[in-house]
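Taking it in order: structure first as structure tokens, then the write-up.
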Amino acid sequence: TNLFKRLYYLRQKEMSVKEYTEEFYRLTIRLGHIEDDAEKVARYLNGLRLTIQDEIDILMPKSVEEAYRVALRAEEKLSRRYDQISRGR
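Oh and the sequence shown: position 67 is 67 in the UniProt record's numbering, straight run, nothing missing.
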């Protein structure tokens with residue numbers, strides 16, 4: 001279906017982690033139960049920016065909620081790092 005394609009190709013790109021997660025949940029709720037938790041987590045992680053994926057991979061989250069919390073922390077950490085670099089520190 002079209003919704004499944006949208007979920008399959010969903011990528012964070014310029015969205016914040018929060019925006020990406022909201023869209024991910026919106027699509028998965030509309031599709032209903034189509035995947036088990038491990039598949040859902042893998043699909044969620046795969047759509048995140050690579051820099052955020054790198055921060056999460058070693059933790060191997062067991063749920064999308066857990067992956068989301070870790071992704072938020074990673075996004076914040078990367079943002080602080082970028083701010084320091086852009087200010088010349």
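Virtual Cβ for every residue (Gly too), placed ideally from N, Cα, C. These figures come from a predicted structure and were not determined experimentally.
- Pairing arginine 49 with phenylalanine 24, the inter-Cα distance amounts to about 14 Å.
- Taking 8 Å as the upper bound for CB-CB distance, leucine 27 and leucine 3 are in contact here, some 6 Å apart.
- Closest by C-alpha distance to leucine 7, out of Glu14, Ser16, Arg30 and Lys18, is Arg30.
- Note on the region 9-83: there is no whole beta strand (DSSP E) run with a minimum of 3 residues.
- The three-state secondary structure of arginine 87, taken from DSSP, is coil.
- Leaving aside the five residues that flank alanine 67 on each side, the residues in its chain whose CB is nearer than 7 Å to its CB run, in chain order, Val41, Tyr44, Leu45, Ile56 and Pro61.
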